[in-house]
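Since the structure comes first, as C-alpha cells, the remarks are kept for the end.
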C-alpha cells in the first residue's frame with residue numbers, strides 16, 4: 001500500500017474527525033443552554049442578595065446611629081425629666097424620619113411608664129406591648145441596643161416588623177427609653193423589583209422580617225424551607241436555588257430564591273441556533289483542512305531538511321519557522337539544542353586545551369631544568385654524606401615525575417593528591433632545609449572526596465617561587481574545610497605578598513575568558529575549574545604587601561560515584 005504524505009494524511013484525518021467536534025459542540029451547546037439558565041439564576045440570586053444586604057445594612061446602621069444620638073441628646077433627657085420641649089423632640093424625629101426609605105413610629109417613655117412622646121398615642125394595644133414586653137427587656141439589658149423581630153399592627157393599617165430600643169441614662173441611672181418601630185411595607189419596597197423570584201429577610205433565628213412572597217412563611221412566622229442540597233430547596237413542590245448571606249454584624253440573614261425551571265421556548269431557539277452553527281462549522285472545517293495541512297507540511301519539510309544537514313555534520317543548520325504554533329516551538333527547541341551542542345563542543349575544546357596547557361605548565365615549571373639541576377646537585381652532595389637520604393630523594397623525584405606525566409586520570413581521590421603534594425613539599429624541604437616550613441590541616445572526612453588532579457601543586461609552586469624574593473625563610477599553611485556542598489582549600493604563605501596594583505592585574509588575568517600566557521598556572525587552574533564545574537567555582541587571591549598571600553580554591557564536594565559528573 002502506498003504511503004500517504006504528511007499533507008494528505010493530515011487533511012484526511014482532519015476531515016475524518018470533523019463530525020466529532022460537531023457532535024461535541026452539539027452536546028456542549030445543549031449543556032450550555034441548561035447550565036446558563038442555572039448560572040443566571042444563581043448569579044441573579046447572589047446579586048439580589050448582596051444588594052438587599054447593602055440596603056438592609058444601611059437602614060440598620062442609620063437607625064442605630066439615630067437611636068444612640070437620641071439617647072444621648074440633652075433635649076431628650078430634659079423631656080424625660082421635666083416633660084418639657086417635647087415639640088422639639090418631635091421635630092428632631094420627623095426631620096430624621098422623613099429622609100428615610102424605611103420609616104418608623106417613635107416612642108419616648110419615662111421610668112414611670114409615661115409616654116412622653118409617641119407617634120401612635122391612641123393605640124392602647126401597641127402601648128401595652130411596649131410596657132409589658134419591650135421595656136422589661138430594656139431594663140434587663142440597659143447597656144445594649146435592643147433589636148427585636150416581631151410584627152406590631154397599628155390602628156392606621158400599618159404594621160412594624162423590627163423594633164429598636166435603648167435605655168436613656170443620666171448619671172448612670174435609667175430615666176427613660178427611646179423606641180423605634182420600623183414599618184413592614186417600607187421593607188417590602190426595599191426588596192421589591194430585584195431579579196429574584198422570592199426574597200426573604202430574617203433574624204438569626206430565621207424569624208421573618210419581611211418577604212416578597214407569603215408562601216415561605218412557616219409556623220411561628222419562621223422561614224424553614226425543605227432542603228434538597230446545599231443550595232437547593234423545595235417550596236410547595238417547586239425547586240429553587242437559594243442564596244444566603246448575612247449582614248456584617250450577623251443581625252439579619254438575607255435569602256434570595258430563584259426557580260430552576262428553564263424556559264422551553266428559549267431552549268428550542270438555542271437548539272435551532274446550534275444546528276445552524278454546526279452546519280456552518282462543517283463547511284468551514286473542510287476549507288481550513290486544506291490550508292492547515294499545507295502549512296504544516298511546509299513546517300515539517302523545513303525541520304526534516306535541517307535534521308538531515310545536522311546528520312551530515314553541519315552545525316549551522318538552523319531552521320526558521322514563524323507559524324505561531326507547536327511547529328514554531330519545535331523549531332525554537334531545535335535551534336536551542338543546536339546552540340547547546342555548539343556551546344558544549346566549544347567548552348569541551350577549551351577544556352581540552354586548558355588541560356593540555358596545564359600539563360605543559362607542570363612539566364615546564366614544576367620539573368624545569370633548574371629544579372631538576374638543584375635536586376640532582378642535592379643528590380650528588382648527599383651521596384657523599386648520606387646514601388640513604390640520597391636514595392629517598394631519587395625515589396621521591398621518580399614518584400613525582402611518574403604521577404605528573406600520567407595524563408589518563410583527570411580526577412583523583414584527595415588523599416592520593418595530598419600524598420603527591422606532601423612528596424613535592426618534601427623535595428623542596430630537602431633543598432631549603434630549615435628555610436622552608438609547611439603544615440597541612442585537612443579534615444579526615446573529606447580525604448575520600450574526588451578533586452581535579454594536581455589541584456594544589458600550581459599554587460604551592462607559586463608560593464615557593466615568589467616567597468623567597470625578599471626573604472630567606474618561608475612558611476606555607478595548607479588547609480581545607482567543607483562549606484555547604486563544596487570544599488574550600490586555602491594555601492597561605494608569609495612571603496613578601498603583592499602590592500595592590502599587582503594583585504589587581506593578576507586577578508584581572510585570572511578572571512579573563514582568554515589568556516595567551518600559558519605560563520600562568522593560576523589562570524589555567526581557575527579556568528579549568530570554571531569549565532568543569534561552573535561559574536561559582538575557581539580561585540580567589542588575597543595578598544598584603546610585606547605580609548603574605550592567601551589563595552582559596554573552591555571545588556564541589558564529590559563523593560563516591562559523584563566524581564564522574
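In UniProt numbering, the protein residues as written are 1 to 565.
Just so you know, even glycine gets a beta-carbon here, dropped at the ideal spot from N, CA and C.
These figures come from a predicted structure and were not determined experimentally.
Residue i (DSSP reduced to helix, strand or coil)
i	result
residue 324	coil
residue 348	helix
residue 242	strand
residue 74	helix
residue 383	helix
residue 468	coil
residue 545	coil
residue 442	coil
residue 194	coil
residue 307	helix
residue 302	helix
residue 223	strand
residue 277	helix
residue 169	strand
residue 537	coil
residue 318	coil
residue 211	strand
residue 248	coil
residue 436	strand
residue 228	coil
residue 285	helix
residue 455	coil
residue 360	Per-residue confidence for residue 360 stands at a pLDDT of 46, beneath the threshold of 50, marking its modelled position as unreliable; the derived number appears in the next sentence. Residue 360 falls in the helix class under three-state DSSP.
Own chain, CB closer than 6 Å to residue i, minus 5 neighbours either side, in chain order
i	result
residue 145	166
residue 57	247
residue 489	480 and 553
residue 151	159 and 161
First and last residue of the uninterrupted alpha helix (DSSP H) at residue i
i	result
residue 475	Element bounds for residue 475: not the alpha helix (DSSP H) but the beta strand (DSSP E), 474-483.
residue 158	Note, residue 158: premise wrong, no alpha helix (DSSP H); not H, not E.
residue 509	500-511
residue 140	135-140
residue 525	521-533
residue 187	184-191
Close beta carbons around residue i, own chain, < 8 Å, minus the five adjacent residues each side
i	result
residue 232	239, 240, 241, 242 and 260
residue 84	78
residue 537	486, 529, 530, 554, 555 and 556
residue 348	none
residue 68	145 and 166
Unbroken beta strand (DSSP E) run spanning residue i, endpoints
i	result
residue 259	252-259
residue 551	548-556
residue 205	Looking at the DSSP string, residue 205 is not in any beta strand (DSSP E), and its letter there is neither H nor E.
residue 492	486-493
residue 235	232-235
residue 215	Residue 215 -> no beta strand (DSSP E), and no H or E assigned at all.
residue 450	450-452
Contacts around residue i, its chain only, beta-carbon distance under 7 Å, and the 5 residues preceding and following it disregarded
i	result
residue 53	245, 247 and 254
residue 22	278, 281 and 282
residue 394	379
residue 540	552
residue 390	379, 382 and 383
residue 548	492, 493, 494, 495 and 497
Any chance the segment 156-171 sits against the segment 43-56, with 3 or more Cβ pairs inside 8 Å? Flag = no, the segment 156-171 and the segment 43-56 do not touch.
Counting pairs of beta carbons, one from the segment 218-228 and one from the segment 134-141, are three or more of them closer than 8 Å? Output reads no: the segment 134-141 does not touch the segment 218-228.
If contact is defined by three or more beta carbon pairs under 8 Å, each pair taking one atom from either stretch, is the segment 412-419 in contact with the segment 449-465? Here the segment 449-465 makes contact with the segment 412-419; the two share three or more CB pairs at distances below 8 Å.
Taking only runs that begin and end inside the segment 389-426, name each unbroken beta strand (DSSP E) of 3 or more residues, in chain order. Within the segment 389-426, the runs of beta strand (DSSP E) that reach at least 3 residues and sit entirely inside it are, in chain order, 411-413.
Using a Cβ distance threshold of 8 Å, determine whether the segment 24-33 contacts the segment 224-231, with at least three qualifying pairs required. Judged by pairs of C-beta atoms under 8 Å, the segment 24-33 does not touch the segment 224-231, as fewer than three such pairs exist.
Identify every run of the alpha helix (DSSP H) within the segment 15-90, keeping only runs that are complete inside it and at least 4 residues long; order them along the chain. Counting whole runs of 4 or more residues, the segment 15-90 contains the alpha helix (DSSP H) stretches 19-71 and 74-82.
Taking three-plus beta-carbon pairs below 8 Å as touching, is the segment 185-193 in contact with the segment 121-137? Using a Cβ-Cβ distance cut-off of 8 Å, the segment 185-193 and the segment 121-137 are not in contact, since fewer than three pairs of beta carbons, one from each stretch, lie closer than that value.
At 4 residues or longer, and completely inside the segment 97-152: list those alpha helix (DSSP H) runs for me, N to C. DSSP assignment within the segment 97-152 yields the following whole alpha helix (DSSP H) runs of 4 residues or more, N-terminal first: 124-129 and 135-140.
How do the segment 478-486 and the segment 503-512 stand: do at least 3 beta-carbon pairs fall below 8 Å, yes or no? Inter-segment contact for the segment 478-486 and the segment 503-512 is absent: fewer than three beta-carbon pairs are separated by less than 8 Å.
Can at least three beta-carbon pairs, one atom from the segment 175-182 and one from the segment 150-164, be found at a separation below 8 Å? With the cut-off at 8 Å, the segment 175-182 and the segment 150-164 touch.
Would you check if there are 3 or more beta carbon pairs closer than 8 Å linking the segment 429-437 to the segment 481-488? No contact exists between the segment 429-437 and the segment 481-488.
Are the segment 461-476 and the segment 523-530 touching by the rule of at least three beta carbon pairs closer than 8 Å? The segment 523-530 and the segment 461-476 do not touch, with fewer than three beta-carbon pairs separated by less than 8 Å.
Quick check: the segment 269-277 against the segment 77-87, are there 3 or more CB pairs under 8 Å? These segments do not touch.
With contact counted as at least three CB pairs below 8 Å, one residue from each stretch, are the segment 97-116 and the segment 203-216 in contact? Per the Cβ contact rule, the segment 97-116 is not in contact with the segment 203-216 (fewer than 3 Cβ pairs under 8 Å).
Given 8 Å, three or more beta-carbon pairs between the segment 309-321 and the segment 329-347: With the cut-off at 8 Å, the segment 309-321 and the segment 329-347 touch.
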